[in-house]
Structure formats: C-alpha cells, structure tokens
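Participant:
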Amino acid sequence: MFDFYFHLPLWIRMPAQGLAVILVLFPLAAACSMAERKICAWIQGRPGPNRTIPPWIAWVPVIAPILQHLGVFQLAADGGKFVFKEDPVPGHVNKFYFILSPILAMIPALTTVAIVPFGAYLSEGRLVPIMLANVDIGLLAVFAVSSLGVYSVILAGWASNSKYPFLGSVRASAQLISYELSMTLSVLPVFLWVNAPGGHGTLSLFDVVQSQSQPGFLGGLWFIVFMPLSAFIFLVALFAETNRQPFDMPESEADLVGGFHTEYGAFKWSLFFVAEYCHMIVGSGVFVLLFLGGWNPLPWLPLATVADWLGLAGIPLAMGVLGIVIFLGKVAAFIFFFMWVRWTLPRFRYDQVMKIGWQRLLPLAIANLIFYALAIAVIQK
Amino acid sequence: MAVVPVPRKPLTFAERTYLPQIAGGLWTTLKHFVGPKDTMEYPEQRPAIPPNYRGVPTLVFDPHGREKCVSCQLCEFVCPPKAIRITPGEITSDDPAAHVEKRPQEFEIDMLRCIYCGLCQEVCPEEAIFLQNQYSMTGLSRAEMVNDKQRLYELGGTLPDAHFKWDKKKAAEEHSHSH
Amino acid sequence: MSALLFNFLAVFIVACAAGVVLNRNAVASALCLLLSLVGVAGLFVQLDAFLLAALLVFVYAGAVVALFLFIIMLLDMQGGDRKPFTGLTLAAGTLAFLLLAGGVFSFAAHARLPATPAPAQAAGASLQNYAELLFTTYLLPVEVVGFLLLIAMLGVIVLSKKFEPELEPGAGSQKPDVRSQMSDAGNRKPEGSQEIPNHP
Numbered sequence: 092m093f094d095f096y097f098h099l100p101l102w103i104r105m106p107a108q109g110l111a112v113i114l115v116l117f118p119l120a121a122a123c124s125m126a127e128r129k130i131c132a133w134i135q136g137r138p139g140p141n142r143t144i145p146p147w148i149a150w151v152p153v154i155a156p157i158l159q160h161l162g163v164f165q166l167a168a169d170g171g172k173f174v175f176k177e178d179p180v181p182g183h184v185n186k187f188y189f190i191l192s193p194i195l196a197m198i199p200a201l202t203t204v205a206i207v208p209f210g211a212y213l214s215e216g217r218l219v220p221i222m223l224a225n226v227d228i229g230l231l232a233v234f235a236v237s238s239l240g241v242y243s244v245i246l247a248g249w250a251s252n253s254k255y256p257f258l259g260s261v262r263a264s265a266q267l268i269s270y271e272l273s274m275t276l277s278v279l280p281v282f283l284w285v286n287a288p289g290g291h292g293t294l295s296l297f298d299v300v301q302s303q304s305q306p307g308f309l310g311g312l313w314f315i316v317f318m319p320l321s322a323f324i325f326l327v328a329l330f331a332e333t334n335r336q337p338f339d340m341p342e343s344e345a346d347l348v349g350g351f352h353t354e355y356g357a358f359k360w361s362l363f364f365v366a367e368y369c370h371m372i373v374g375s376g377v378f379v380l381l382f383l384g385g386w387n388p389l390p391w392l393p394l395a396t397v398a399d400w401l402g403l404a405g406i407p408l409a410m411g412v413l414g415i416v417i418f419l420g421k422v423a424a425f426i427f428f429f430m431w432v433r434w435t436l437p438r439f440r441y442d443q444v445m446k447i448g449w450q451r452l453l454p455l456a457i458a459n460l461i462f463y464a465l466a467i468a469v470i471q472k
Numbered sequence: 209m210a211v212v213p214v215p216r217k218p219l220t221f222a223e224r225t226y227l228p229q230i231a232g233g234l235w236t237t238l239k240h241f242v243g244p245k246d247t248m249e250y251p252e253q254r255p256a257i258p259p260n261y262r263g264v265p266t267l268v269f270d271p272h273g274r275e276k277c278v279s280c281q282l283c284e285f286v287c288p289p290k291a292i293r294i295t296p297g298e299i300t301s302d303d304p305a306a307h308v309e310k311r312p313q314e315f316e317i318d319m320l321r322c323i324y325c326g327l328c329q330e331v332c333p334e335e336a337i338f339l340q341n342q343y344s345m346t347g348l349s350r351a352e353m354v355n356d357k358q359r360l361y362e363l364g365g366t367l368p369d370a371h372f373k374w375d376k377k378k379a380a381e382e383h384s385h386s387h
Numbered sequence: 024m025s026a027l028l029f030n031f032l033a034v035f036i037v038a039c040a041a042g043v044v045l046n047r048n049a050v051a052s053a054l055c056l057l058l059s060l061v062g063v064a065g066l067f068v069q070l071d072a073f074l075l076a077a078l079l080v081f082v083y084a085g086a087v088v089a090l091f092l093f094i095i096m097l098l099d100m101q102g103g104d105r106k107p108f109t110g111l112t113l114a115a116g117t118l119a120f121l122l123l124a125g126g127v128f129s130f131a132a133h134a135r136l137p138a139t140p141a142p143a144q145a146a147g148a149s150l151q152n153y154a155e156l157l158f159t160t161y162l163l164p165v166e167v168v169g170f171l172l173l174i175a176m177l178g179v180i181v182l183s184k185k186f187e188p189e190l191e192p193g194a195g196s197q198k199p200d201v202r203s204q205m206s207d208a209g210n211r212k213p214e215g216s217q218e219i220p221n222h223p
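Listed in order, the protein sequences are those of chains A, B and C. Just so we're on the same page, this note's numbering is the position in the first sequence counted from 1, plus 91. Just so we're on the same page, this note's numbering is the position in the second sequence counted from 1, plus 208. Just so we're on the same page, this note's numbering is the position in the third sequence counted from 1, plus 23.
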C-alpha cells in the first residue's frame, strides 16, 4: 500500500520524514506542557486552566465544554503567545551563541526520535518495526545524539553572560555527564540478555522488544520484572538526563531564578521548553521499549497474538495503528509518572545530586552489571 | 531555659535510600490528584459572605423612604484616606422630611481611595452609611470608580430602622406645641 | 552524491579544525572542535561504520568536549588577549605542515593501492565483528589501554587529592607554634609591662 513512498527519491523522503517528526513532536510536546499544568493543578487541588475557548467553537454542544475544561484551547493560546510576543535579546549577551543555543536544543531532541521504533506490523509472517531509521546500533545512537543536548544548556548559560544562567549551565554540564555513565551501564544487562550467544549482535531497540515477545516464561517477561535494578537505575538517570525534578539542577527556580534560560523569553524560551518535553517523550519511549515491553499490551501477550485474536494480523495498517496506540499509551502513562514525581518531590541539593550519581548509582550499576553477567551466563548456558 | 539535647537517631538503610519516603509522597499526591478540588469557580460560584462583612460603603434609606444621611460630614472628617466628599444641602420646607433640615446635595466616595476600614459606618450618628456585602467594584476609568450619591443609594437600598429618631423628634415637638 | 558529501565533510572538518586554532575565544574553539568531531563522525557514517560514528559522538562530542567547556567555564578563561600565533607555535606549525605535506605527497606519488572494486560491506560495520575482534585479536591491546586509563585515573586522584600533613602528629604541631610566636611578637609590650610588677 505504501510501496510508492519507498520508491520516492531520497531527497523527497528525508525532508518529508523530518517534517513529520516536527509536526508530530511539537504538538505532542505542547500537549505535554498542558498535561503538566493540569496534573500539577489536580495534585494541588485546583481545576487548572479551564476557561479558554474560541467563541466560534463554544456553541458545539457536548465536546466543546469537555475540551474547554481540559484546557485544550489554552494550549493554542499559549502557543500563539509564544510566537507573537516580543522576543528581546538582552544587551549584555553574546548574541550569536545566545540565539544559537535554543536552536541547538532542538536538534538532538528531534533527531533521537528517528531511531526509536514506535510500532510494528506483520509483513509476510515477519514483524517489521515502524521507525524512521532502522540502524543496528539503535540505543547507542540515541545516547550519542541525546548527549549533545548538554551543549544547548551550556551555551545558553555561557552566552547569557550573567551569573544565574552561568551557574545553571555549569551544574548542567557536570550533572548530565555524571549520569550518562550510570545510564549506559544500567542498560548493558538488557543487551547481554538480548544478544544471546550465536545471535547476530545488535543494539537495536526493536530487537529488545522482540526478545520480550518470545514464548516461554522468561521470553515473555518484561525486563522491568526480570531486571528491576537496571530499570530503576535507568529511571533515575533518565530523570537526571532530562533535567526533571528532583534533578532539575540546571533550572532550579528557587535558587537560580530560571537557571540556564533565565535571560530567555518568548519563542526562544519555548524552544527550550519543547526540547525538554521532546527529551522526556523520547526518554519515556526508550524506557518503555527497554523495560516495559514496547508495543506488547501485557507480559506474555505479544502484539502479534492480540492482532491474531482481533483478526488484524493480515492488515498491516490496522496492526501498525494498534501497536502505535499501545506504545503511545504506555509512553503517556510514563510521562504522567514524570509529572507525578515532579509535583511530589523536592529538589535534591547539588552535592546530593553528585553524591547519588557517583557514589551510589554508579557502583550500583556496576554491581548490577556483574551480577546479571554471571546470572545470564548461568541461565543461557 | 534548660537545653535538652535530643539524640539524633542515625537513619536506617531504608531511609537513606529515600525510596519509602518517595513512595509515601507519591501516594499522598495521588490521593490529592483524584480527590475533590478546593477551588471555587469564582464568577459562577460566589463566596458565602459572613455577617458584619465590610464591603463597599453605601448610603441607605430608612423604611419610610427618607434618606438617612443628614450631611453632618463626620464620615468625611474621619475617613483616613479622605475618600469621601460631601456637599451639604438644605431640605426645602415643602418636603415631608423638612424637619430634618439637611441632606447631602452631593455625596461622593472615591473607591480608588477607600480602604474599607469601616470608620465611616462606625462614626455615623444617623446609621446612614453601611459597609454592605458588595465586594467587587470595577470600572474602566477613574471617574467610574467614584460612587456618586445616586449610585450609593442604589447600592445601599433600604435597611430596617429600630429608632425612627427624626419621626420621634417631630412627634415630640408637635406634642409639646399642642400643650 | 557520496563524493559530494565527502568533499563537503572534508572541507567542513578542516575549516572547523582551523577554527579551533584560530579562535581567540576558548569557548568558540571548543565548539569548533565539537563541530569537527561531528564531521568526522559523518565520515565514519559514510564508511558504514555506524558504531564508530556513534561512539565518537557519544564519548568525544558528548562528554569530552562538554568537559572541556566545563573546565573553561569553571576557570573563567576569557582569552580575549591571547594571540593565535607566537613565534614558536608558528615555527612548529610550519614544520608540522611541511611534514604533513611531504607525507601526503610521498603517499600520493609512490603508494599504489591495488585497484579493487568498492568494498561491498566494510568488515567492521556490524557490532558482532567489532566485538569478536576486540575480544580475540585485540584483547591484549584493549586490556593494556584499559590498564593505562586506570593508571591515569589513579594518577589524577593522587595529584588532585591533598594529603594533609597535619594528620601526622609531628607536622601537626607546626601550626600552633607559629601562631604562638606571632602572638608573642604582637603582645610583647603588654606582657612585658605585666611582668614588671611581678619582678620585685
């Protein structure tokens, strides 16, 4: 059905895919920001934004009030505000880098999506992932590209040429590098298990999901049950890498005003904001793929089986949509968890952040790796 | 004061991992998340006004429809931010309330200055000025925020009167004349 | 397409590398280095060596240059008055350039690669090939490099950690001595005046 697409020349397909990423991720990130406001409000016993509605929609009977109370139009209003309000550049900044860094923030945030599979369909008996670039280094590429995200923060803080952004960016550079180590080490057991001896050797996220869809007790088990410590370390490191509470050192409104984006306003600030949510979405997606079975609805219940029951196995489009819906549902639940934690926990002190990263998480990750290396060697022998 | 040294217990392992506390915190916020909301949706829901609430100062009529203010100007003198301006006026002899002698010709309260202290109500010998339940005063210009006499009576309306002081005085006068 | 991309990347890398040397601003230099590394990663991708590209970006572009920036910001190096070239660096640069030019010339003039068709699949492209080579043929070098890094790390710890001499009993008594001498020097007059009534 979509074969014509793959026959298009590369120079049409690549911009089309890039545009698709932007067109999907920007609204998703915006929706996340609205979800954040609503969840924050509900946790604090408030209804949250529930007033905004354009008059020409207000007359629609049932749907309009529901959308109004969910704050959907507030989202559009916020977006419009960011685009149209005055976008000042303070006089004391290094102008080139000041304008460059929000743009730089978007690049890794949007690029990593290309390597994350978000669904699968059956084609001639084989499960085919739905993703933009199926490379066998998969997760490593995600880590590599997302590790570039630190530069936007560093540059923003440095170019702002004022002390709070500067402190924020110094903190960011130390924190992000510290937690990258634990993060990488924590996923190694997963790939030790996935790359059973005699396999072709892969870091692809699709294969991780595949190995959680096998028959048998261990085959269908999600890795969060099989390797809870790995999942935990990855989770904590993910919070630190996405600068979310309780690790939002680079921002810390209380002591650094706004951290690295103190001097930013309007559209440039919103780019940082969108980048943060894109990181969160991609991070949640990677966690779901690694530890929560990807697009499989339940442990021991692969997508292919469910599609078979529903009679969708023969229709690639329907099965693909089903897989994407399940995957996005899990990601949404995970993003909710991010926000839930944010509005529950206070921020760690900076020395605590460093201590947790280097003295707790890193040894734990190494011990975890050694333990699972031995365990997997015993199991797979 | 005696100093009581409180021994600080070392944290248990579970406490040092933060995790039980984090789980407890998450449980608390989840309860709030699904629980009822405390917000009052203001324009639709209005707060219950307690008795003796000090809202916008107003002028009132007595039950016979006589304006109670006699423009003695005590409120004008006592008003701390000087929000009240009164122009006293004579009551013409053909008026049914002619025995009261005076009423305000103009009575203005500048709500941009008023601090809702209630001293005017406190000081009024005629019980003519009251801070009532109205709490929301808005306007698009400074001039709009000055309540003139007509508006003050509109806001105040009629309040019950326990004394009918001026009627009693008039009756007493007539009684003494008849003797 | 491929040749065009290679040419573009090559020019990009060299331009960025020149930027590292020529920039007066240390932060800008570090960023040029970053761009140059990303360009090299692009070259690796052109060779189908995705793993190398990803590792280069992850380790060097993602972490090492970030640490450079961290250090630059921590030390607050403004570097506005730094001259790009002094006499010595100019001489060294010229020498290096001549050596490089000589090398390239001799390579182009004398080295004759056997005319093979383009390699179908680079040997190191797949993850498994890397892993096998690292754990069989190159196991010893990998271990040696790892050991070297460990030694370097220990060296940094030894150099950066201050071993306080005050912990030892002999060295610890040094400081109070100095202080008491200084207070003696400062208080000599009052002490002396106090002593006078005591003497008779």
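Each residue gets a CB set at the ideal place from its N, CA and C atoms; glycine is no exception.
1. Check the DSSP bridge columns for ARG311/B and list the partner residues they point to.
2. Compare the Cα-Cα distances from PHE425/A to each of GLN443/A, LEU465/A and GLY384/A and report the closest residue.
3. Along the chain, where does the beta strand (DSSP E) that runs through PHE338/B open and close?
4. I need the straight-line Cα distance from LEU329/A to ARG47/C, nearest angstrom please.
5. From the DSSP output, which residues share a beta bridge with PRO220/A?
6. At which residue ranges does the region 241 to 277 of chain B contain complete beta strand (DSSP E) runs of 3 or more residues, listed in the order of the chain?
7. What residues from chain B crowd round ILE134/A, counting only those whose CB sits closer than 9 Å?
8. Starting from SER238/A, find everything on chain C with Cβ-Cβ shorter than 7 Å and list it in chain order.
9. For PHE269/B, which of LYS239/B, LEU367/B, CYS332/B and LEU327/B has the nearest alpha-carbon?
10. For LEU392/A, list the residues DSSP reports as bridge partners.
11. Strictly under 8 Å for the Cβ-Cβ distance: is TRP249/A near chain C by that measure?
12. Quick check on LEU234/B - is its C-beta less than 8 Å from some C-beta in chain A?
13. To be precise: take each residue of the region 244 to 259 of chain B, compare its Cβ to all Cβ atoms of chain A, and keep it if any distance is under 9 Å. Which residues remain?
14. Does the separation of the CB atoms of ALA120/A and LEU166/A fall below 8 Å?
15. Below 8 Å between beta carbons: does that hold for LEU92/C and SER264/A?
16. CA-CA distance, PRO259/B and LEU363/B?
17. Taking the alpha-carbon of GLY62/C as reference, which of LEU122/C, SER183/C and VAL34/C has the nearest alpha-carbon?
18. Just curious, the alpha helix (DSSP H) that THR117/C is in, first and last residue?
19. Residues of chain A with CB under 9 Å from MET96/C, in chain order?
20. Return the residues of the region 265 to 280 of chain A that lie within a Cβ-Cβ distance of less than 7 Å from chain C, sorted by chain order.
21. Whose Cβ in chain B lies nearer than 8 Å to the Cβ of LEU436/A?
22. Do MET197/A and VAL207/A come within 8 Å of each other at the CB atom, strictly closer than that value?
23. Using a threshold of 8 Å, state whether the C-beta atoms of GLU309/B and THR295/B are closer than that.
24. Look at LEU294/A and LEU28/C and say whether their C-beta atoms are less than 8 Å apart.
25. Taking C-alpha atoms, which residue in ASP298/A, SER269/A and LEU272/A lies nearest to LEU283/A?
26. Under a three-way DSSP split, which group does VAL180/A fall into?
27. Cβ of ALA456/A within 8 Å of Cβ of SER192/A?
28. Kindly confirm or deny that the region 364 to 383 of chain B and the region 270 to 287 of chain B touch, where touching means at least three C-beta pairs closer than 8 Å.
29. Do you know how far the Cα of GLY232/B is from the Cα of PRO218/B?
30. Run through chain B and tell me which residues come within less than 9 Å of TRP431/A, C-beta to C-beta.
31. What residues of chain A sit near VAL50/C, judged by a beta carbon separation below 7 Å?
32. Mapping the DSSP letters down to three states, classify ILE206/A as helix, strand or coil.
33. List, in chain order, every chain B residue whose beta-carbon is nearer than 9 Å to that of PRO100/A.
34. Any C-beta of chain C within less than 7 Å: which residues of the region 176 to 207 of chain A qualify?
35. For GLU316/B, name the three-state secondary structure that DSSP assigns.
36. To which residues does DSSP link VAL80/C through a beta bridge?
Facilitator: From the atom records:
1. For the purposes of this step, residue 311/B is taken as the residue at position 103 of the second sequence. Per DSSP, GLY297/B.
2. Locating residue 425/A in the first sequence gives position 334, where the first residue counts as 1. For PHE425/A, the closest C-alpha among the options GLN443/A, LEU465/A and GLY384/A is that of GLY384/A.
3. Along the second sequence, read from residue 1 onward, the residue named residue 338/B stands at position 130. 337 to 339 is the span of the beta strand (DSSP E), which, as asked, contains PHE338/B.
4. Along the first sequence, read from residue 1 onward, the residue named residue 329/A stands at position 238. Along the third sequence, read from residue 1 onward, the residue named residue 47/C stands at position 24. Rounded to whole angstroms, LEU329/A to ARG47/C spans 36 Å at the Cα level.
5. Residue numbering aside, residue 220/A sits at position 129 when the first sequence is read from its first letter. DSSP output for PRO220/A lists ALA211/A as bridge partner(s).
6. 265 to 267
7. In the first sequence, residue 134/A corresponds to position 43, counting from 1. THR237, LEU238, HIS240 and PHE241, listed in chain order.
8. Within the first sequence, the letter at position 147 stands for residue 238/A. The contacting residues are PHE81, GLY85 and ALA86.
9. Along the second sequence, read from residue 1 onward, the residue named residue 269/B stands at position 61. Answer by Cα proximity: LEU367/B.
10. Translated into the one-based positions of the first sequence, residue 392/A becomes position 301. Answer is LEU389/A, bridged to LEU392/A.
11. On the first sequence, residue 249/A is found 158 positions in, with the first residue counted as 1. It does; some Cβ of chain C falls within 8 Å.
12. For the purposes of this step, residue 234/B is identified with residue 26 of the second sequence, where counting begins at 1. Answer yes: the Cβ-Cβ gap between LEU234/B and chain A drops below 8 Å somewhere.
13. PRO244, LYS245, ASP246, THR247 and GLU249
14. Within the first sequence, numbered from 1, the residue matching residue 120/A stands at position 29. Within the first sequence, numbered from 1, the residue matching residue 166/A stands at position 75. No.
15. Reading the third sequence from its first residue, position 69 is the one you call residue 92/C. Reading the first sequence from its first residue, position 173 is the one you call residue 264/A. Going by C-beta atoms, LEU92/C is nearer than 8 Å to SER264/A.
16. Mapped onto the second sequence, residue 259/B falls at position 51. Mapped onto the second sequence, residue 363/B falls at position 155. About 17 Å.
17. Position 39 of the third sequence, counting from 1, holds the residue named residue 62/C. The shortest Cα separation from GLY62/C among LEU122/C, SER183/C and VAL34/C belongs to VAL34/C.
18. Within the third sequence, residue 117/C is the residue found at index 94, counting from 1. First-last of the alpha helix (DSSP H) with THR117/C: 110 to 133.
19. Along the third sequence, read from residue 1 onward, the residue named residue 96/C stands at position 73. Taking the beta carbon of MET96/C as reference, the chain A residues within 9 Å of it are ILE245, GLY248, TRP249, PHE257, SER260, VAL261 and SER264, listed in sequence order.
20. Listed in sequence order: ALA265, ILE268 and GLU271.
21. Within the first sequence, the letter at position 345 stands for residue 436/A. The answer, in chain order, is ILE230 and GLY233.
22. In the first sequence, residue 207/A corresponds to position 116, counting from 1. In the first sequence, residue 197/A corresponds to position 106, counting from 1. No, the Cβ-Cβ distance between VAL207/A and MET197/A is not below 8 Å.
23. In the second sequence, residue 309/B corresponds to position 101, counting from 1. In the second sequence, residue 295/B corresponds to position 87, counting from 1. No. Outside cutoff.
24. Counting from 1 along the first sequence, the entry for residue 294/A is found at position 203. Counting from 1 along the third sequence, the entry for residue 28/C is found at position 5. No. Outside cutoff.
25. As a position in the first sequence, residue 283/A is number 192, starting the count at 1. Comparing Cα positions, the closest option is ASP298/A.
26. Within the first sequence, numbered from 1, the residue matching residue 180/A stands at position 89. Of the three classes helix, strand and coil, the one that applies to VAL180/A here is coil, per DSSP.
27. Sequence index remark: in the first sequence, residue 456/A carries index 365 (1-based). Sequence index remark: in the first sequence, residue 192/A carries index 101 (1-based). Not closer than 8 Å, so no.
28. Counting Cβ pairs under 8 Å, three or more are found: they touch.
29. By one-based count along the second sequence, residue 218/B stands at place 10. By one-based count along the second sequence, residue 232/B stands at place 24. So the alpha carbons of these two residues sit roughly 20 Å apart.
30. The count along the first sequence starts at 1 and reaches residue 431/A at position 340. LEU234, THR237, LEU238 and PHE241, listed in chain order.
31. Taking the third sequence and counting its residues from 1, one reaches residue 50/C at position 27. Going along chain A in sequence order, the residues near VAL50/C (Cβ under 7 Å) are TRP249.
32. Translated into positions along the first sequence, residue 206/A becomes position 115. In the structure shown, the three-state DSSP call for ILE206/A is helix.
33. Residue mapping note: residue 100/A aligns to position 9 of the first sequence, counting from 1. In chain order: nothing, as chain B lies at least about 50 Å away.
34. Hits within the stretch: zero.
35. For the purposes of this step, residue 316/B is taken as the residue at position 108 of the second sequence. In this structure, GLU316/B counts as strand in the three-state DSSP scheme.
36. Taking the third sequence and counting its residues from 1, one reaches residue 80/C at position 57. According to DSSP, VAL80/C bridges with nothing at all.
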